[in-house]
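J.: Those protein sequences? They're chains A and B, same order as listed.
Sequential numbering of the first sequence, starting at 1, is according to UniProt numbering.
Sequential numbering of the second sequence, starting at 1, is according to UniProt numbering.
For each residue, glycine too, the CB sits at the ideal point set by N, CA and C.
Just so we're clear, the structure is a prediction, and the values are computed from it rather than from any experiment.
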Amino acid sequence: MLYVNKLIKTFEDLHAVNDVSFQIEKGESYGLVGESGSGKSTIGNMIIGLLDPTSGNIRLHGKNLWKGKKFIRPYPGQMQIVFQDPQSSLDSRFRIRDIVTEPFKAFSRKEQKQKMTNINMAEIMQRVGLHEEHLDRYPHEFSGGQRQRIAIARAIITNPEFIILDEPTSALDVSVQAQILNLLKYLQEELDLTYLFISHDMSVIRYMSDKIGVLYQGKLIEEGETEMIFKNPKQDYTKKLFASLPQLSSQGS
Amino acid sequence: MELDVRATHTELINRPSQLRLNWYRFRKNPLTLIGGIVLLLFIIIAVAAPLLTPYEPEVINMENRLAPPSMSHWFGTDEVGRDVLTRIIYGARLSLGMGITVVVIAGLIGTIIGAFAGYMGGKFGQIIMRIMDVILAFPTLVLAMALTAALGPSLINAMLAIAIVKIPAFVRLARSEALVVREQLFVKASKTFGLSDIWIIFRHIIPNVITPVIIQVSIDLGDAIMLIATLGFLGLGAQPPIPEWGTMVHTGWEFFMEQWWYATFPGIAIFLATVSFNLLGDGLRDVLDPKSIR
């Protein structure tokens, strides 16, 4: 469904993303893992249209997303992104209702009206574990995890087929992280979503992804089925990443 | 597998009411309160002008010219027998009305230009800022005088000139705030929805830069009233017989040695209005922008 082909992004002389190719199939959850500065978010930003690639191409259903420096937007809301920091991703001046329905504002007035009448806000809010009465509140009244749920509601409201999750849980408490990850899994099944899951956290990636790509200094150094890579990492760097995981040892008695 | 997708904590965070907090900060500063009360009086006077005085501001009564303060004319009369108090009361309408209009217009235009300059950045932003620097390079009063002199002395031209000299400060302020806001993730999110730059500027950037602009407006109001009066005093602003405070001081000046009341009372009005606006502006800044408390 999504093809990333020989993607390169340079900032002056820094190769942030260096010749990266991968593809994501429909319904799949693809995990991009790497330490900070490895170029994972840069790739996400290029796919969603926030950053133009230096070269290479990105195709969604065979259609190029970038023509030179110009982003050819697919149908509005077909692709969505959930950012890392839920404090800054919701405008504190907006009511939750306006935040969640903001993606519709990109449509013509007529389509907006139609969409607003068709959409069941209560259902959307319930889906992400919130209540309808939260719609008239402001973001500062919610905790980090609840804010991330609001951001997720904003992402699913357009019925997207593809969502980029850019470290969606790394700004949250550990207990809340698990809730959000479960919510994302549930939504993927329920709404038949395709994910690009970006994270530096190996355990989160393992839990979420069917397939993973390991990024190191802008290069995709290893790729494959999640369990395969976890059982048999080929690259030294990947092994080092695994070594950073806390181990649970079982001691027989 | 059973998935727990419900929020375990759906109760909302309780915070002390922002309004009460603001009112507390406002109250604890007595100077702000005094400024606010004086200003409120001025506004009441301006609104209720015809009810407060039996005289008309522009009706001439030559038999009673340059009369000293008395029970029937508290602040005396001027060189054509008009009641000075009446003219000051009607002048409050003018000064307050003009001052507020000018600063609000300058604030509005400045904010929009600044938001565009900050959000767009690049060459466009640079060009705008250099133009603003040119205006800022002149002292406000000198530039306002030059502009009114060039446009021709009149109240409207004085307002226009003051608005022009006031815009750059707002542009700078709004731009520097917009530079911060545009990096926020909610702006990036809006871009990914395919929303236009115009929409983002008016719905996200401007509402998020408006608080410091409001503070600046309240601080600038006193200054604008002062400028209007100054231009009037120099003969560049409102022209006689309009009851404008600065213009009254200008005419009253000739009679100052013998008829002290003519220039003194409008002068006191200018002083009170300017000072109370400044006090209120400072207080408002402390309330709305607690970071700036010295």
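Alpha helix (DSSP H) containing residue 214 of chain B: first to last residue?
T.: Counting from 1 along the second sequence, the entry for residue 214 of chain B is found at position 214. 206-233 is the span of the alpha helix (DSSP H), which, as asked, contains residue 214 of chain B.
J.: Can you list the alpha helix (DSSP H) stretches of 4 or more residues lying completely in the stretch 111-162 of chain A, in chain order?
T.: 121-127 and 144-156
J.: Roughly how many whole angstroms lie between the Cα atoms of residue 191 of chain B and residue 179 of chain B?
T.: Sequence index remark: in the second sequence, residue 191 of chain B carries index 191 (1-based). Sequence index remark: in the second sequence, residue 179 of chain B carries index 179 (1-based). The alpha-carbon atoms of residue 191 of chain B and residue 179 of chain B are separated by roughly 16 angstroms.
J.: For chain A, check one thing: does any of its Cβ atoms lie closer than 8 angstroms to the Cβ of residue 207 of chain B?
T.: Along the second sequence, read from residue 1 onward, the residue named residue 207 of chain B stands at position 207. For residue 207 of chain B, the answer is yes, since a Cβ of chain A falls inside 8 angstroms of its Cβ.
J.: Please go through the stretch 79-111 of chain A and give each complete beta strand (DSSP E) segment of 3 or more residues, from N-terminal end onward.
T.: 79-82
J.: Taking DSSP's pairing of strands, which residues face residue 20 of chain A in a bridge?
T.: For the purposes of this step, residue 20 of chain A is taken as residue 20 along the first sequence, with counting starting at 1. Looking at the DSSP assignment, residue 20 of chain A forms a beta bridge with A:7.
J.: In chain order, what residues of the same chain lie with their CB nearer than 8 angstroms to the CB of residue 65 of chain B, ignoring the 5 residues before and after it?
T.: Numbered from its first residue, the second sequence carries residue 65 of chain B at position 65. Contacts found: 77, 78, 79, 80 and 81.
J.: For residue 132 of chain B, collect the residues of the same chain with a Cβ closer than 7 angstroms to its Cβ; drop the 5 residues on either side in sequence, then sort them by chain order.
T.: Translated into the one-based positions of the second sequence, residue 132 of chain B becomes position 132. So the qualifying residues of the chain are 168, 171 and 172.
J.: Here's a check: name, in chain order, each residue in its chain whose Cβ is nearer than 7 angstroms to the Cβ of residue 102 of chain A, leaving out the five neighbours to either side.
T.: For the purposes of this step, residue 102 of chain A is identified with residue 102 of the first sequence, where counting begins at 1. Excluding sequence neighbours, residue 102 of chain A sits near 154.
J.: Which class does residue 255 of chain B belong to by DSSP, given the choice of helix, strand or coil?
T.: Residue 255 of chain B sits at position 255 when you count from the first residue of the second sequence. Residue 255 of chain B: coil per DSSP, three-state reduction.
J.: Under a CB-based cut-off of 8 angstroms, is residue 93 of chain A close to chain B?
T.: Mapped onto the first sequence, residue 93 of chain A falls at position 93. Taking Cβ atoms only, chain B reaches closer than 8 angstroms to residue 93 of chain A, which makes this a yes.
J.: Which word fits residue 24 of chain B, buried or exposed, when buried means at least 16 other C-beta atoms lie within 10 angstroms of its C-beta?
T.: The residue labelled residue 24 of chain B in the question sits at position 24 within the second sequence. By the 10 Å Cβ count, residue 24 of chain B comes out exposed.
J.: Hey, would you say residue 213 of chain A sits closer than 8 angstroms to residue 22 of chain A, going by beta carbons?
T.: Along the first sequence, read from residue 1 onward, the residue named residue 213 of chain A stands at position 213. Along the first sequence, read from residue 1 onward, the residue named residue 22 of chain A stands at position 22. In contact: residue 213 of chain A and residue 22 of chain A (Cβ atoms closer than 8 angstroms).
J.: Nearest by alpha-carbon distance to residue 2 of chain A: which of A:36, A:78, A:16 and A:143 is it?
T.: Locating residue 2 of chain A in the first sequence gives position 2, counting from the first residue. When only C-alpha atoms are compared, the closest one is A:78.
J.: Does residue 190 of chain B come within less than 8 angstroms of chain A when only Cβ atoms are used?
T.: On the second sequence, residue 190 of chain B is found 190 positions in, with the first residue counted as 1. By this cut-off, residue 190 of chain B is an interface position.
J.: Going by beta-carbon coordinates alone, are residue 7 of chain A and residue 56 of chain A separated by less than 8 angstroms?
T.: In the first sequence, residue 7 of chain A corresponds to position 7, counting from 1. In the first sequence, residue 56 of chain A corresponds to position 56, counting from 1. Yes; because the gap between Cβ atoms is below 8 angstroms, this pair is in contact.
J.: Who are the near neighbours of residue 39 of chain B in its chain, counting only those whose CB is closer than 8 angstroms to its CB and skipping five residues on each side?
T.: Locating residue 39 of chain B in the second sequence gives position 39, counting from the first residue. Closer than 8 angstroms at Cβ, skipping near neighbours: 273, 276, 277 and 280.
J.: Using only the alpha-carbon positions, how far apart do residue 253 of chain A and residue 18 of chain B sit?
T.: Along the first sequence, read from residue 1 onward, the residue named residue 253 of chain A stands at position 253. Along the second sequence, read from residue 1 onward, the residue named residue 18 of chain B stands at position 18. Residue placement at residue 253 of chain A is poorly supported in this model, since its pLDDT is 46, which falls under 50; the coordinates are not used for a value here.
J.: Going by beta carbon distance, what residues of the same chain come within less than 7 angstroms of residue 36 of chain A, once the five residues before and after it are set aside?
T.: As a working note, residue 36 of chain A is residue 36 in the first sequence. These residues qualify, in order along the chain: 200.
J.: Using a Cβ cut-off of 8 angstroms, which residues of the stretch 91-113 of chain B contact any Cβ in chain A, in chain order?
T.: none
J.: Count the other CB atoms, across all protein chains shown, that sit within 10 Å of the CB of residue 75 of chain A; report buried if there are 16 or more and exposed otherwise.
T.: As a working mapping, residue 75 of chain A is identified with position 75 in the first sequence. Exposure of residue 75 of chain A is indicated by the presence of fewer than 16 other C-beta atoms within 10 angstroms of its C-beta.
J.: Please list the residues of the stretch 164-193 of chain B that have a C-beta atom closer than 7 angstroms to any C-beta atom in chain A, keeping them in chain order.
T.: 184, 185, 186, 188, 189, 190, 191, 192 and 193
J.: Can you tell which of B:257, B:237, B:89 and B:285 has the C-alpha that lies nearest to the C-alpha of residue 210 of chain B?
T.: Translated into the one-based positions of the second sequence, residue 210 of chain B becomes position 210. Considering only alpha carbons, the answer is B:285.
J.: Can you pull the chain A neighbours of residue 195 of chain B, defined as C-beta to C-beta under 7 angstroms?
T.: Within the second sequence, numbered from 1, the residue matching residue 195 of chain B stands at position 195. Simply 105 and 106.
J.: Flag residue 250 of chain B as yes if its beta-carbon sits less than 8 angstroms from any beta-carbon of chain A, otherwise no.
T.: As a working mapping, residue 250 of chain B is identified with position 250 in the second sequence. No, residue 250 of chain B does not count as interfacial toward chain A.
J.: For residue 245 of chain A, which residues of its own chain have a beta-carbon under 8 angstroms away from its beta-carbon, when the five flanking residues on both sides are left out?
T.: Here residue 245 of chain A refers to the residue found at position 245 when the first sequence is read from its first residue. The residues are 202 and 203.
J.: DSSP puts residue 213 of chain A in a beta bridge; with which residues?
T.: Counting from 1 along the first sequence, the entry for residue 213 of chain A is found at position 213. Paired residues: A:32 and A:223.
J.: Closer than 8 angstroms, CB to CB, is residue 204 of chain B near chain A or not?
T.: The sequence position of residue 204 of chain B within the second sequence is 204, counting from 1. At least one C-beta of chain A is nearer than 8 angstroms to the C-beta of residue 204 of chain B.
J.: Looking only at its own chain, which residues have a Cβ that is under 6 angstroms from the Cβ of residue 221 of chain B, when we skip the five neighbours before and after it?
T.: One-based indexing of the second sequence puts residue 221 of chain B at position 221. For residue 221 of chain B, where only same-chain residues beyond five positions count, the Cβ hits under 6 angstroms are 99, 103 and 277.
J.: Of the residues A:92, A:49, A:125 and A:15, which one's Cα is nearest the Cα of residue 194 of chain B?
T.: Translated into the one-based positions of the second sequence, residue 194 of chain B becomes position 194. Comparing Cα-Cα distances from residue 194 of chain B to each of A:92, A:49, A:125 and A:15, the minimum goes to A:49.
J.: Scan the stretch 44-67 of chain A for residues whose Cβ lies nearer than 7 angstroms to a Cβ of chain B and list them as they occur along the chain.
T.: Taking 7 angstroms as the Cβ-Cβ cut-off against chain B, the residues of the stretch 44-67 of chain A that qualify are 48, 49 and 50.
J.: Report yes if the C-beta of residue 206 of chain A is less than 7 angstroms from at least one heavy atom of the ligand MN; otherwise report no.
T.: With respect to small molecules bound, the structure shown includes none, and the ligand MN cannot be examined in it.
J.: Helix, strand or coil: how does DSSP classify residue 77 of chain B here?
T.: Stepping through the second sequence from its first residue, residue 77 of chain B is reached at position 77. If DSSP states are grouped into helix, strand and coil, residue 77 of chain B belongs with the strands.
J.: Give me the chain B residues within the contact set of residue 160 of chain A, using Cβ-Cβ distance strictly less than 9 angstroms, ordered along the chain.
T.: If you number the first sequence from 1, residue 160 of chain A lands on position 160. Chain B residues near residue 160 of chain A: none, gap ~11 angstroms exceeds 9 angstroms.
J.: Assuming residue 190 of chain B is part of the alpha helix (DSSP H), what are its boundary residues?
T.: Within the second sequence, the letter at position 190 stands for residue 190 of chain B. Start and end: 185-192.
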